[in-house]
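In what follows, a structure is listed as structure tokens, so that the remarks can point back to it.
Number of protein chains: 2
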Amino acid sequence: MSIVAVGTVAIDSIETPTASAHHVLGGSATYFSYAASFFTKVHLVAVVGDDFPMQHIDLLRQRGIDLSGLEVRRGGRTFYWRGRYHADMNNRDTLEVHLNVLADFNPTLPGHYRELPYVFLGNSSPQLQMRVLDQMVRPQMVLADTMNLWIETQRDALLELLPRLDGLLLNDSEARLLAEDENLVRAGMKIRDLGPKFVIIKKGEHGSFLFSRDGVFVLPGYPTPDVVDPTGAGDSFAGGILGYLASDTSPPPGRLRRAIAYGTVIASITVEGFSLDRLRQTTREEIERRLEEYRRMITF
Amino acid sequence: MSIVAVGTVAIDSIETPTASAHHVLGGSATYFSYAASFFTKVHLVAVVGDDFPMQHIDLLRQRGIDLSGLEVRRGGRTFYWRGRYHADMNNRDTLEVHLNVLADFNPTLPGHYRELPYVFLGNSSPQLQMRVLDQMVRPQMVLADTMNLWIETQRDALLELLPRLDGLLLNDSEARLLAEDENLVRAGMKIRDLGPKFVIIKKGEHGSFLFSRDGVFVLPGYPTPDVVDPTGAGDSFAGGILGYLASDTSPPPGRLRRAIAYGTVIASITVEGFSLDRLRQTTREEIERRLEEYRRMITF
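So the protein lines, in turn, are chains A and B.
Sequential numbering from 1 applies to the first sequence in the numbering used here.
Sequential numbering from 1001 applies to the second sequence in the numbering used here.
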């Protein structure tokens, strides 16, 4: 089944303690779509300026990603982010951010997107996420990401959105903020009570929690010794999850658990290179091999 | 098989964001021994002052722990630690520490301890750990804990100790410090190259890594919603690991993995109360139930 993925397509400049990459392809919709494309057809919704390099368009197209929802704004510049990771690679500082064409992004979905069954709402204001959702006819599964900015400034709109979601993705500090509880297990349970059918709390290299009607599920990160650049880990995690869910029609709960394991593995591949460098080299076969290796690593 | 456990027996005062406990039983040898006592016989080595409350002696004795190696120093005062946990319960500040009788602790093992097969060397200077080890006749398995202080001030002595160990336990920041590598997976591999047969990196609520000749094994923490006091988590984790290993004679590697799972579960019970409060209420049956629940939580 097909996925509509709404988010950002960006140009990133990244510094890590050992290396850097300048003006490379980034953005939540980019990472999500590329990761999900290993499992199913993805229809992207985003905006770029006319400075956006054609080679990036080609790269996404080669993965079979439908770009008819990618608006190229004439005379506009693409969303740009520059950041620097700390020594531990878990925290980062934003050094520069230019919203550019993203500032007034208000997507209108192409007609053939509206009846598609799976929807990913990348991190953006809950109002924008709601407007996208309103354009979908009868989505079977909606997964949304959010961030501290919206929890702090648009809590009411976010609370209105939550019951319309199947799954909410957020990181550990965001979960504490939204639930107003320092204990992540309690926080996850509380957030689920706010409406989404399931909640996934991302803990970066430490893995993730899933809270669903079947209880708590917990997975460590895949332990890679080769962390080059953590950018995009969360969005490719989401892409692996929803991509797998869209491709597997077996009954829950095993399906959702397997999806999170796939997301974990794809995220671990993403961080082994800058931008999409490492994902571009991978194959469904490598993903399956790493999944089995991962399963062995956590079995006692 | 029996375990010799060398470490501290302490009086702790603990403040958390929501509660506090004053002058309660603590110490590495205490938590280790109590946790291991669910699996096997433990012979404790430690020192206290004659201010040490008799009720604590009774408590340990009731678990069948051999206290003939517990020196009660006349006119001395017991090691005292006072600390306060931050809101996230992962970090803490030491507010007060009085080494008291611990300052010149130089244990002489009772004769019947010396031929026992399993040894736990709780966190102390590598010189002291070495002197204990020198008193053992032919230990089959030695597990040691260490800390940043010894890595920074007695690195050479620690490096001399490592090849004599089967297992080294240390936390994430200590592993980074010892290996001089920010990536924990690489750090674990490097530390194993320094001599111990296996290395366990503790990540608090995020679980642990095992590095052995069978590769990397990774387990998340057991997700408990009831974290009351994290004190003793690491030492009861160690007690669960070595206790289980001493009670199971099946071949590796499954044995070491199961041991770490038991350690994880016991640590999660420890943190649900102050001091030994929660461990005192638990049973081997509860431990087994939680282990199975934990296994389900990480299976995909």
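Positions of the beta carbon are idealized from the N, C-alpha and C atoms, including for glycine.
Candidates the options: closest to residue i by CA position
i       : options                            : result
B:L1095 : B:Y1080, B:H1206, B:A1087          : B:Y1080
A:K202  : A:F217, A:D193, A:G195, A:L194     : A:F217
A:F39   : A:L161, A:L133, A:M1               : A:M1
B:I1151 : B:L1178, B:P1139, B:R1131          : B:L1178
A:L184  : B:D1181, B:F1198, B:T1224          : B:T1224
B:E1071 : B:F1032, B:V1101, B:S1028, B:A1021 : B:V1101
A:L44   : A:L67, A:H56, A:G26, A:D50         : A:L67
A:T231  : A:V4, A:A29, A:V6, A:A5            : A:A29
A:Y31   : A:A21, A:A19, A:I11                : A:I11
B:I1269 : B:T1249, B:V1227, B:T1078, B:T1016 : B:V1227
A:G49   : A:H56, A:S212, A:I298, A:G75       : A:G75
B:G1243 : B:V1265, B:R1061, B:V1042, B:G1007 : B:V1042
A:G207  : A:L276, A:I298, A:G195             : A:I298
A:K78   : A:I57, A:R92, A:V142, A:D51        : Correcting the residue type first, residue 78 of chain A is Thr in the shown sequence and not Lys. The shortest Cα separation from A:T78 among A:I57, A:R92, A:V142, A:D51 belongs to A:D51.
B:T1016 : B:N1091, B:G1263, B:R1073, B:A1046 : B:N1091
Exposure label - residue i; buried when at least 16 CB within 10 Å
i       : result
B:Q1129 : buried
B:S1236 : buried
A:M89   : buried
B:A1259 : buried
B:R1290 : buried
B:V1097 : exposed
B:T1153 : exposed
B:A1267 : buried
A:L296  : According to the sequence shown, residue 296 of chain A is Arg rather than Leu. Exposed is the call here.
A:V137  : exposed
Neighbour flag for residue i against chain B, beta carbons, 8 Å
i      : result
A:R257 : yes
A:F217 : yes
A:T16  : no
A:A261 : yes
A:R278 : no
A:P251 : no
A:R196 : First, the amino acid is wrong: residue 196 of chain A is Pro here, not Arg. Judged by the 8 Å Cβ criterion, A:P196 is not in contact with chain B.
A:A87  : yes
Start-to-end residues for the beta strand (DSSP E) that takes in residue i
i       : result
B:N1123 : Looking at the DSSP string, B:N1123 is not in any beta strand (DSSP E), and its letter there is neither H nor E.
B:H1043 : 1042-1049
B:E1272 : That residue, B:E1272, is in no beta strand (DSSP E); it is neither H nor E in DSSP.
B:L1102 : Run containing B:L1102: none; DSSP gives neither H nor E here.
B:H1023 : 1020-1026
A:H206  : Segment: none, A:H206 is in no beta strand (DSSP E) and carries neither H nor E.
C-beta neighbour in chain A for residue i, strict 8 Å
i       : result
B:M1141 : no
B:N1148 : no
B:I1298 : yes
B:K1203 : yes
B:N1183 : yes
B:R1063 : no
B:H1056 : no
B:P1163 : no
B:D1192 : Before going on, a small fix: residue 1192 of chain B reads as Arg here, not Asp. Answer no: the Cβ-Cβ gap between B:R1192 and chain A never drops below 8 Å.
B:R1186 : yes
For residue i, the three-state DSSP class (helix, strand or coil)
i       : result
A:I191  : helix
B:S1212 : strand
A:L165  : coil
A:S33   : helix
B:G1083 : strand
B:I1014 : strand
A:A144  : strand
B:G976  : Since the first residue shown for chain B is 1001 and the last is 1300, residue 976 of chain B is missing from the structure and cannot be characterised.
A:T78   : coil
B:L1219 : strand
Continuous alpha helix (DSSP H) stretch holding residue i: start and end
i       : result
A:L291  : 284-297
A:G234  : 233-247
A:D172  : 172-179
B:H1056 : 1054-1062
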